[in-house]
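Quick notes on the structure that follows.
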Amino acid sequence: MSALTDSPEWQALAQHQTALSKRPLNTLFGGNPDRFARFSLNTNGLLLDFSKNHIDTQALDLFNNLSQKAGLKEAIEAMFSGDVINNTEQRPALHVALRSPEDQSENGQVVHQTLKRMTTFVDAVTRWQWQGFTGSPITDVVNIGIGGSDLGPAMVYSALSDFHLDGIRCHFVSNVDPAHLEQTLEDLDQGTTLFVIASKTFTTMETMLNAQSARRWLLDACDDSADNTKVLAKHLVAVSTNVEKAVEFGIPADNIFPMWDWVGGRYSLWSAIGLPVALGIGMDNFRALLAGAHDMDNHFRSTPATQNIPVMMALLDCWYQNFFATESRVVLPYSQQLHLFPAYLQQLDMESLGKSVTKEGAPVDVDTGGIVWGSAGTNGQHSFHQLLHQGTHLIPADFIAIAESASSNKEQHQQLLANCFAQSQALMDGKSLEAAISELLDRGMSEAEAARLAPHKVIPGNRPSTTLLLDKLSPQSLGSLIACYEHKVFARSVILGINAFDQWGVELGKVLSTGIYNELVNDGETSKFESSTNALINRCK
Ligand code: F6P
Numbered sequence: 029m030s031a032l033t034d035s036p037e038w039q040a041l042a043q044h045q046t047a048l049s050k051r052p053l054n055t056l057f058g059g060n061p062d063r064f065a066r067f068s069l070n071t072n073g074l075l076l077d078f079s080k081n082h083i084d085t086q087a088l089d090l091f092n093n094l095s096q097k098a099g100l101k102e103a104i105e106a107m108f109s110g111d112v113i114n115n116t117e118q119r120p121a122l123h124v125a126l127r128s129p130e131d132q133s134e135n136g137q138v139v140h141q142t143l144k145r146m147t148t149f150v151d152a153v154t155r156w157q158w159q160g161f162t163g164s165p166i167t168d169v170v171n172i173g174i175g176g177s178d179l180g181p182a183m184v185y186s187a188l189s190d191f192h193l194d195g196i197r198c199h200f201v202s203n204v205d206p207a208h209l210e211q212t213l214e215d216l217d218q219g220t221t222l223f224v225i226a227s228k229t230f231t232t233m234e235t236m237l238n239a240q241s242a243r244r245w246l247l248d249a250c251d252d253s254a255d256n257t258k259v260l261a262k263h264l265v266a267v268s269t270n271v272e273k274a275v276e277f278g279i280p281a282d283n284i285f286p287m288w289d290w291v292g293g294r295y296s297l298w299s300a301i302g303l304p305v306a307l308g309i310g311m312d313n314f315r316a317l318l319a320g321a322h323d324m325d326n327h328f329r330s331t332p333a334t335q336n337i338p339v340m341m342a343l344l345d346c347w348y349q350n351f352f353a354t355e356s357r358v359v360l361p362y363s364q365q366l367h368l369f370p371a372y373l374q375q376l377d378m379e380s381l382g383k384s385v386t387k388e389g390a391p392v393d394v395d396t397g398g399i400v401w402g403s404a405g406t407n408g409q410h411s412f413h414q415l416l417h418q419g420t421h422l423i424p425a426d427f428i429a430i431a432e433s434a435s436s437n438k439e440q441h442q443q444l445l446a447n448c449f450a451q452s453q454a455l456m457d458g459k460s461l462e463a464a465i466s467e468l469l470d471r472g473m474s475e476a477e478a479a480r481l482a483p484h485k486v487i488p489g490n491r492p493s494t495t496l497l498l499d500k501l502s503p504q505s506l507g508s509l510i511a512c513y514e515h516k517v518f519a520r521s522v523i524l525g526i527n528a529f530d531q532w533g534v535e536l537g538k539v540l541s542t543g544i545y546n547e548l549v550n551d552g553e554t555s556k557f558e559s560s561t562n563a564l565i566n567r568c569k
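Going by my numbering, the first residue of the sequence shown is number 29, and it counts up by one from there.
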């Protein structure tokens, strides 16, 4: 056992879990009208209802003890202070500085200089002063990036569709599959398309290949007399830490927006990596997104553990995964505009917490990050919710709902909300055998038929869920929601004693793909690898 699992704080939680797991979830509400008030939190238009979880007041006290044992408060302060908390890459993790109001620190100054440059550029493009090589304004922005240089911006752009500016559309291309770029460009015109090449490193294979194809597509449209450098200057911008490589690629230095080592890719949408979002919704709305995130930063930094929304979410994750032995968490935004949120969260959570050693390099002895999955409700109700309700796995759910919709179709929005709340109720209450039998008898079925069918209709219930309810979906509230999940992931990493800010696991596949690519493009059969890889390559050849 490690210092963590051996600790009295951990052991006390293990004991309490045994006691609490004997009490059905819905009985915790019985005779306790204050349960919602006791187990919900509120900040800046965001409500966390965690009352439908296997917890009681004692569990909260024990959670608090665990967070103290893990040194969470100090770790949060260390992050905000810019300490080198990413110890395997010797870097701070200062995404919070990206949404901090202007300050005179070195980082603060470069962040705000960049925001000013973004403002000038966004204004020029969206006011149609920036013209393409044919003299026409830009109507389409294509972001080429992958991972953190794609998922966050793509999700935010989609989520804020009510705020999209007229006359400009944003597209996101990430996959090295040529079909992705080709399909995107099918209806676009070279003269009115602007590419944002987004890559922290400017070496990522997928992004570089797509950027080269985009450059070819642009230049193919120009006649031989055109000045390629001038054409590219009108249609290519980059966001990167690697200015040298971007310039080498053909992007003028004036078109390159900086990024910094102290911002991790999956935490970077607040930097100029958010440029396509800013072009799509305007700079004022982009700043409102930052302000919302900053509100959540203040809440996270200054609120005691069990009143702190991201911390509570992290403790609940820990509770289920480490004490109830769950393996996954489903995230269910009841909002079509948030349909990309689960995919965004997969990188944030799984790339940050999918680790097997502690910060010190010792093997962990508890499960770390779980599997995050999900999709927009109500669609999942007609597919995988069957497994949530009657399958054999215990899968805690995060429901995300928006109280007030921008749509004028209030009736459909109320249906959406009703379904969201009904799902969390059904997961908790389930349906007993007796209830199933009496329902069937009421429908006129014989006793024998009812007894045969009823076991199939039983829903075990007792399945926990948490609901995050936003007053509205706005740039501000979305900023808070995203920052909330970022901080939850960090808090969880602190409890587990792992580094949330590196991702060494993704490297091996990248290296191996180079050797395989060389064999794929060579003449003749390969026998370089084991028989499976050889056979797959040879069959493609
Ligand atoms: O391969 C994983 C990763 O490094 C992610 O962490 C990152 O967000 C993504 O690749 C893209 O990296 P870059 O922005 O450097 O192209």
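Built from N, CA and C at the ideal position, the CB exists for glycine as well.
> Alpha carbon to alpha carbon, what distance is there between residue 51 and residue 448?
Replying inline: About 25 Å.
> Tell me the DSSP bridge mates of residue 69?
Replying inline: The partner list for residue 69 (beta bridge, DSSP) reads 76.
> Is the region 476-489 touching the region 162-180, taking contact as three or more C-beta pairs under 8 Å?
Replying inline: With contact defined as three or more Cβ pairs closer than 8 Å, the region 476-489 and the region 162-180 are not in contact.
> In terms of residues, what are the limits of the alpha helix (DSSP H) holding residue 464?
Replying inline: Unbroken alpha helix (DSSP H) run through residue 464: 461-470.
> For residue 232, which residues of its own chain have a beta-carbon under 7 Å away from its beta-carbon, when the five flanking residues on both sides are left out?
Replying inline: Cβ within range, chain order: 174.
> Does the Cβ of residue 177 lie closer than 7 Å to at least one heavy atom of ligand 1?
Replying inline: Result yes, Cβ under 7 Å from ligand 1.
> Any chance the CB of residue 560 is under 7 Å from a heavy atom of ligand 1?
Replying inline: Flag unset: Cβ of residue 560 not near ligand 1.
>> Please tell me whether residue 195 has its Cβ less than 8 Å away from any Cβ of chain C.
In response: The structure shown contains no chain C, having only a single protein chain.
> Hey, is residue 529 close to ligand 2, as in C-beta under 7 Å from one of its heavy atoms?
Replying inline: Because ligand 2 does not appear in the structure shown, any question about it cannot be addressed here, the ligands present being ligand 1.
> Leaving out the 5 sequence neighbours to the left and right, which residues in its chain are closer than 6 Å to residue 40 when beta-carbon positions are compared?
Replying inline: 90, listed in sequence order.
>> Is the beta carbon of residue 494 closer than 8 Å to that of residue 78?
In response: In this structure, residue 78 lies near residue 494, with their beta-carbon atoms less than 8 Å apart.
>> Could you compute how far the alpha carbon of residue 456 sits from the alpha carbon of residue 127?
In response: Approximately 38 Å between the Cα atoms of the pair.
> Which one of 185, 167, 443, 157 has the shortest CA to CA distance from residue 196?
Replying inline: Its Cα nearest to that of residue 196, the residue 167 stands out among 185, 167, 443, 157.
> From residue 29 to residue 393, what distance separates their C-alpha atoms?
Replying inline: Its pLDDT being 48, under 50, residue 29 is placed unreliably in this model, and the value from its coordinates should be taken loosely. Approximately 7 Å between the Cα atoms of the pair.
> Which residue from 492, 324, 347 puts its Cα closest to that of residue 336?
Replying inline: Residue 324 is the option with its Cα nearest to residue 336.
> What are the boundary residues of the beta strand (DSSP E) that includes residue 573?
Replying inline: No answer is possible for residue 573: it lies beyond the span of the chain, which begins at 29 and ends at 569.
>> Could you check whether the Cβ of residue 315 sits closer than 7 Å to any heavy atom belonging to ligand 1?
In response: Residue 315: no, Cβ never under 7 Å from ligand 1.
>> Ignoring anything shorter than 3 residues, give me the beta strand (DSSP E) runs that lie fully in the region 337-401, in order along the chain.
In response: The DSSP assignment places complete beta strand (DSSP E) segments of no fewer than 3 residues inside the region 337-401 at 356-362, 399-401, in order along the chain.
> Within 10 angstroms of its Cβ, does residue 182 collect 16 or more other Cβ (buried), or is it exposed?
Replying inline: Per the 10 Å Cβ criterion, buried.
> Given that a residue counts as buried once 16 or more other Cβ atoms are within 10 Å of its Cβ, and exposed if not, what is residue 234?
Replying inline: Residue 234 is buried by the Cβ-count criterion.
>> Comparing C-alpha positions only, which one of 330, 331, 303 sits nearest to residue 318?
In response: Ranking 330, 331, 303 by Cα distance to residue 318 puts 303 first.
> What first and last residue would you give for the alpha helix (DSSP H) that runs through residue 272?
Replying inline: Segment 271-277, the alpha helix (DSSP H) holding residue 272.
> Near residue 69, which residues of its chain fall below 7 Å by C-beta distance, leaving aside the five closest residues on each side in sequence?
Replying inline: Take residue 69, set aside five residues on each side of it, and the residues of its chain with a beta-carbon closer than 7 Å to its own are 76, 335, 337, 340, in chain order.
>> So, for residue 491: in the same chain, excluding its five sequence neighbours on each side, which residues have a beta-carbon less than 6 Å away from its beta-carbon?
In response: The residues are 455.
>> Please state the DSSP three-state secondary structure of residue 264.
In response: Looking at residue 264 - three-state DSSP - the assignment turns out to be strand.
> Does the Cβ-Cβ distance between residue 433 and residue 441 come in under 8 Å?
Replying inline: For residue 433 and residue 441, yes; Cβs fall inside 8 Å.
>> Just to confirm, is the Cβ distance from residue 308 to residue 153 under 8 Å?
In response: No, these two residues do not count as a Cβ contact at 8 Å.
> By Cβ distance below 7 Å, which residues in the same chain neighbour residue 399 in space, the five residues on each side in sequence not counted?
Replying inline: Once the five neighbours on either side are set aside, the close Cβ partners of residue 399 are 355, 356.
> Hey, how far is the Cα of residue 549 from the Cα of residue 277?
Replying inline: Straight through space, the alpha carbons of residue 277 and residue 549 are spaced by roughly 24 Å.
>> Spatial neighbours of residue 216 within its chain, please: C-beta separation below 6 Å, excluding the five flanking residues on both sides.
In response: Within the same chain, 168 come within 6 Å of residue 216 by CB-CB distance, once the 5 residues on both sides are set aside.
>> With a threshold of 7 Å on Cβ separation, who are the neighbours of residue 111 within its own chain once the five nearest residues in sequence on each side are excluded?
In response: Closer than 7 Å at the Cβ level, and outside the excluded window around residue 111, lie 120.
>> Could you check whether the Cβ of residue 293 sits closer than 7 Å to any heavy atom belonging to ligand 1?
In response: It does: the Cβ of residue 293 is within 7 Å (strictly closer) of some heavy atom of ligand 1.
> What whole-angstrom Cβ distance do residue 202 and residue 365 have, given they're in contact under 8 Å?
Replying inline: Going by Cβ atoms, the distance from residue 202 to residue 365 rounds to 20 Å, so no, they are not a contact pair.
> Who does residue 168 pair with in a DSSP beta bridge?
Replying inline: Its beta-bridge partners are 197, 221.
> When burial is assigned at 16 or more other CB atoms within 10 Å of the CB, is residue 537 buried or exposed?
Replying inline: Classification for residue 537: exposed.
> In three-state terms, what does DSSP make of residue 127?
Replying inline: Looking at residue 127 - three-state DSSP - the assignment turns out to be helix.
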